[in-house]
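Undergrad: Input: one structure, supplied below.
Quick look at the structure:
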């Protein structure tokens, strides 16, 4: 822990190029600042720099249902200016998207389209706005973890804040869920999905790729599966929920340990292969995240 905040339940990541730090979001309403160290393209250690409680408009720490933070995306983190970064956070249980400063101070809550703020619309209050990203053309994009109530077929809706939506088909895995997504510089989308069997075994993590356009709004998206990591096939994985792009084709991915002693908080650094070639080129820089003091 740091600043009295337990390091766990990590559900979102965002890389700040200007500050050279990685933000990690906890679903208990906390934001952590991390500094990853790379050697020859491998992640060798991570320093835990700071931790902050997310705060409401009255400067009070978020508590209870209002603290269930899930999706994270950074704005103004790669413009060459220091100190102007903003973090957008999407929430479950009390669904909304709120902007915060890097030290957790409240900035603004955004207006949601299509009744997305009504928790009754979701499969359960805990299956609300899980994924969040920013499209270079189109702005914020968010989506629920599971299909809406009464909406079968294994498809979730992705929403821009202007009301446009796209139908995203989940991979046919048990208990398939959309857990994060990352917009790419070319405007396409890298998505992270989780499936699992009874008692989370096997755990199945999928990385997929799609492209949203004005022309395919309202339609079922074509999705390419890049990689499927199945724990029953020897992959050492856990409940991965957070994804962010680092540089070029490299990404960080983090697991949510649910504050469960049987699970781990794992941070993975990987690189995608060229477009059109299924799979990922992953370096083995996967380890349990622990507090480390800079220097």
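Residue numbers (my numbering): 10 to 304. Quick reminder that beta carbons are idealized off the backbone N, C-alpha and C, glycines included.
How is the beta strand (DSSP E) around residue 152 delimited, first residue to last?
TA: For residue 152, the uninterrupted beta strand (DSSP E) run begins and ends at 148–153, by DSSP.
Undergrad: Quick test of your reading: residue 20 and residue 78, contact by CB under 8 Å. State the CB separation rounded to the nearest angstrom.
TA: 7 Å
Undergrad: Assuming residue 155 and residue 128 make a contact with CB atoms under 8 Å, what is their CB distance in whole Å?
TA: Rounded, the Cβ-Cβ distance is 13 Å, inconsistent with contact.
Undergrad: Hey, how far is the Cα of residue 274 from the Cα of residue 262?
TA: 10 Å
Undergrad: Roughly how many angstroms separate the alpha carbons of residue 168 and residue 152, rounded to a whole number?
TA: Spanning the two alpha carbons is a distance of roughly 6 Å.
Undergrad: In the DSSP assignment, what residue or residues form a beta bridge with residue 191?
TA: 199
Undergrad: Which word fits residue 212, buried or exposed, when buried means at least 16 other C-beta atoms lie within 10 angstroms of its C-beta?
TA: buried
Undergrad: Using only the alpha-carbon positions, how far apart do residue 208 and residue 245 sit?
TA: 16 Å
Undergrad: Considering Cα atoms alone, identify which of 269, 235 and 141 is closest to residue 363.
TA: In this structure the chain extends from 10 to 304, so residue 363 is not present and cannot be described.
Undergrad: DSSP three-state call for residue 73: helix, strand or coil?
TA: The answer is helix: DSSP assigns residue 73 an H, G or I state.
Undergrad: Sort out for me which residues DSSP pairs residue 204 with in a bridge.
TA: Looking at the DSSP output, residue 204 shares a beta bridge with 213.
Undergrad: Count the other C-beta atoms from every protein chain shown that fall within 10 angstroms of the C-beta of residue 29, then say buried if there are 16 or more, exposed otherwise.
TA: exposed
Undergrad: From which residue to which residue does the beta strand (DSSP E) around residue 164 run?
TA: 164–169
Undergrad: Are there 16 or more other CB atoms within 10 angstroms of the CB of residue 200, so buried, or fewer, so exposed?
TA: The residue is buried, with at least 16 neighbouring Cβ atoms inside 10 Å.
Undergrad: Express the C-alpha separation of residue 23 and residue 254 in angstroms, rounding to a whole number.
TA: 8 Å
Undergrad: For the beta strand (DSSP E) that contains residue 233, what are its first and last residues?
TA: For residue 233, the enclosing beta strand (DSSP E) covers residues 232–239.
Undergrad: Counting only runs of 3+ residues fully inside the region 76–149, write out the beta strand (DSSP E) ranges in chain order.
TA: Within the region 76–149, the complete beta strand (DSSP E) segments at least 3 residues long are 78–84, 95–100, 106–109, 115–118 and 138–144, listed from N- to C-terminus.
Undergrad: Can you say whether residue 86 is buried or exposed, counting buried as having 16 or more other CB atoms within 10 angstroms of its CB?
TA: buried
Undergrad: Does the Cβ-Cβ distance between residue 144 and residue 196 come in under 8 Å?
TA: yes
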